[in-house]
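Residue numbers (this note's numbering), protein chains in the order written: chain A, 566 to 794; chain B, 688 to 767.
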Amino acid sequence: MKFGVVIFPGSNCDYDTYFVLKDVFDQETTFLWHKEHSLHDVDCVVLPGGFSYGDYLRSGAIAKFSPLMQEVKEFADKGGLVLGICNGFQVLLELELLPGAMTRNKNLKFLCQHVHLRTENTHTPFTNRARKGDVIKIPIAHFDGNYFVEPETLHTIKQNDQIIFRYSEPNGHLSERANVNGSMHNIAGLINTGGNVLGMMPHPERASEAILGSKDGRIIFESIIHWLR
Amino acid sequence: MKVRVLVSFKDSVLDPQGQAVKNALHTLGYGGVIDIRQGKVFEIELEDISVEEANRIIPEISDKVLANPIIEKFEYQIIE
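Here's what the structure looks like:
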């Protein structure tokens with residue numbers, strides 16, 4: 566099993582993600598430069614956090630035109646596993662691999678803090694080691710995480726069980742207070758209809774070792790590894 | 688040819704930045720300001736093409752790149 570971590574100019578969680586996969590989980594992992602035309606036979610592509618192309622135009626808007634992203638789109642269309650974290654999620658939205666768009670956080674602040682997420686659907690390659698309703702503590706670090714989608718699409722993604730994580734209180738209760746960035750329906754993580762592409766604003770790679778204050782992010786990587794095994 | 692493209696949020700999308708600017712203006716005493724929507728302006732210089740051709744290319748560029756049609760709308764005018 567092989568993981569590929571994409572690097573765009575401006576990615577800044579690429580090494581953290583690589584470290585977690587390679588050193589914490591002992592998985593074969595390779596970097597994929599955005600100008601490449603091959604995914605080098607990886608089984609799972611991770612789009613890391615950061616500010617690809619300086620977030621010019623819109624977050625993730627320029628990255629979607631990278632040669633490598635055309636490969637990623639094809640890989641995803643064939644059922645390959647793709648995980649987009651933070652800026653990676655924004656790129657997946659711009660690529661239309663996931664529905665909706667991000668706007669500026671409701672309080673217009675860059676938010677860098679731990680949040681609690683309620684796990685909504687565990688029948689996925691990314692959450693199969695979790696239990697429905699599990700609350701995990703993972704940090705966010707973003708300016709544009711205010712998820713927006715048209716009401717009809719929201720209805721569809723709810724019906725399809727595509728919402729994977731929602732911002733909640735530590736006890737799992739959903740509230741406006743917990744919904745720090747103002748996302749529609751407290752959405753923090755979303756999957757495509759094929760079930761093979763997950764985008765999430767919180768950073769599981771920053772919550773994979775006890776020394777960093779939480780190991781709750783491990784469940785996502787453990788699930789992927791279990792799924793691919 | 689020069690074209691100016693204006694990209695702004697759709698009416699159904701909240702614009703917290705526009706709201707913040709409006710609140711600042713109210714604080715300064717401009718109470719008559721009812722609403723502000725913030726957007727982006729692109730000035731595009733094109734090699735000489737016909738107006739028809741511009742009317743074909745500009746919406747395409749705007750839809751593909753300049754605006755995200757899920758949250759934004761655009762309008763344009765040929766200025767030169």
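Think of the CB as a built atom: it goes at the ideal place given N, C-alpha and C, for glycine as much as any other residue.
Own chain residues within Cβ distance below 7 Å of residue i, not counting five before or after
| i | result |
| --- | --- |
| residue 655 of chain A | 624, 625, 667 and 709 |
| residue 704 of chain B | 725 |
| residue 713 of chain B | 720 |
| residue 737 of chain A | 683, 698 and 700 |
Residue i burial status per 10 Å Cβ neighbour count (16 or more: buried)
| i | result |
| --- | --- |
| residue 732 of chain B | exposed |
| residue 773 of chain A | buried |
| residue 675 of chain A | exposed |
| residue 682 of chain A | buried |
| residue 583 of chain A | buried |
| residue 735 of chain A | exposed |
| residue 730 of chain B | exposed |
| residue 685 of chain A | buried |
Contact check, residue i vs residue j, beta carbons under 8 Å
| i | j | result |
| --- | --- | --- |
| residue 659 of chain A | residue 755 of chain B | yes |
| residue 713 of chain A | residue 765 of chain A | no |
| residue 568 of chain A | residue 631 of chain A | no |
| residue 762 of chain A | residue 604 of chain A | no |
| residue 693 of chain A | residue 792 of chain A | yes |
| residue 615 of chain A | residue 576 of chain A | yes |
| residue 786 of chain A | residue 590 of chain A | yes |
Interface partners of residue i on chain B, CB under 8 Å
| i | result |
| --- | --- |
| residue 666 of chain A | 755, 757 and 758 |
Where residue i falls: helix, strand or coil (DSSP)
| i | result |
| --- | --- |
| residue 732 of chain B | strand |
| residue 718 of chain A | helix |
| residue 744 of chain A | coil |
| residue 582 of chain A | helix |
| residue 704 of chain A | strand |
| residue 789 of chain A | helix |
| residue 692 of chain A | coil |
Under 9 Å by beta carbon: chain A residues contacting residue i
| i | result |
| --- | --- |
| residue 703 of chain B | 668, 669, 670, 671, 672, 673, 711 and 747 |
Residues near residue i by beta carbon distance below 6 Å, same chain, minus five either side
| i | result |
| --- | --- |
| residue 702 of chain A | 679, 681, 779 and 781 |
| residue 691 of chain B | 730, 764 and 766 |
Under 7 Å by beta carbon: chain B residues contacting residue i
| i | result |
| --- | --- |
| residue 742 of chain A | Going along chain B, no residue has its Cβ under 7 Å from residue 742 of chain A, so there is no contact; the nearest lies around 17 Å. |
Beta-carbon neighbours of residue i, restricted to chain B and to distances below 9 Å
| i | result |
| --- | --- |
| residue 659 of chain A | 755 |
| residue 731 of chain A | The premise fails here: residue 731 of chain A is roughly 19 Å from chain B at the closest Cβ pair, so nothing lies under 9 Å. |
The ligand HEM heavy atom lying under 7 Å from the CB of residue i
| i | result |
| --- | --- |
| residue 630 of chain A | The ligand HEM is not part of the structure shown, which contains no ligands of any sort. |
Residues of its chain near residue i, where Cβ-Cβ distance is below 8 Å and the 5 sequence neighbours each way are ignored
| i | result |
| --- | --- |
| residue 606 of chain A | 567 |
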